[in-house]
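Here this note's numbering is used: position 52 in the sequence shown is 35, and no number is missing along the way.
I have placed the structure first, in the form of structure tokens, so that the comments after it can refer back to it.
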Amino acid sequence: MKLIKLGLFTLLLGAASMIPGPAMSKLFNAKCLLVIDGSTRMNSQCSFTSDADSDFFSDKKLLLVCPNGRSAEYSSCYGYEQRVARQGVFGVLFRRGDSGDLCWNEGTMRKASPCFDGLRRNGACWESSSAKNRHAEMWHKIKFCAWAL
-16 MKLIKLGLFT LLLGAASMIP GPAMSKLFNA KCLLVIDGST RMNSQCSFTS
34 DADSDFFSDK KLLLVCPNGR SAEYSSCYGY EQRVARQGVF GVLFRRGDSG
84 DLCWNEGTMR KASPCFDGLR RNGACWESSS AKNRHAEMWH KIKFCAWAL
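Here's what the structure looks like:
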């Protein structure tokens, strides 16, 4: 496995990746690990997209359906009508140098919330023993890692 460098630049892309910019996003097949308060929430292959200041990850298992029972991806319905038919994990890491904030969907929601502030980069991982939940006065131990396959 090659290490995905989660920083201002994605070094796996070669010399062209050294130019930062919002149009510079790249999709990887990766191995992702997400551990929250000692509970492993994701430890599997994932879809991983990285750009200049954020990383999006998904285990691609989440299935949203419309009232007609068809996948929301292939059917037309409003967001409030959609329901989770199969759980799956996705989230986003917002980077600011060597610190970051991570939001995820708790495996059951259609949007990435709650969010945890104050993660620090440690190699291929972002972690904190005391990340603050942005939506509640709670502190959590968070670890998120991603490696290119």
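Ideal Cβ positions, reconstructed from N, Cα and C, are used throughout, including at glycine.
Note that the structure is a prediction, hence the values are computed from the model and not measured.
Start and end residues, beta strand (DSSP E) containing residue i
i: Gly21; result: From DSSP, Gly21 is part of no beta strand (DSSP E); its letter is neither H nor E.
i: Glu110; result: 108 to 116
i: Arg133; result: An answer regarding residue 133 cannot be provided, because it is not within the stretch -16 to 132 covered by the chain.
Sub-9 Å separation of residue i and residue j beta-carbons
i: Phe40; j: Met25; result: yes
i: Leu76; j: Trp130; result: no
i: Lys44; j: Val72; result: yes
i: Lys126; j: Leu16; result: yes
i: Arg103; j: Asp84; result: no
i: Arg78; j: Asp42; result: no
i: Asn95; j: Gly74; result: According to the sequence displayed, residue 95 carries Ala and not Asn. Yes.
i: Ala13; j: Cys29; result: yes
i: Lys9; j: Thr23; result: no
Identity of the residues DSSP links to residue i by a beta bridge
i: Gly9; result: A small fix is needed here, since residue 9 is Lys in this sequence, not Gly. According to DSSP, which records beta bridges pairwise, Lys9 is partnered with Ser33.
i: Ala86; result: This sequence places Cys at residue 86; Ala is not what is there. DSSP output for Cys86 lists Val75, Cys98 as bridge partner(s).
i: Cys128; result: Leu16, Cys108
i: Arg93; result: Arg93 is not bridged to any residue.
Whole beta strand (DSSP E) elements within the region 21 to 55, 3-residue minimum: 22 to 33, 37 to 41, 46 to 48
Three-pair Cβ contact test at 8 Å for the region 63 to 81 versus the region 110 to 124: no
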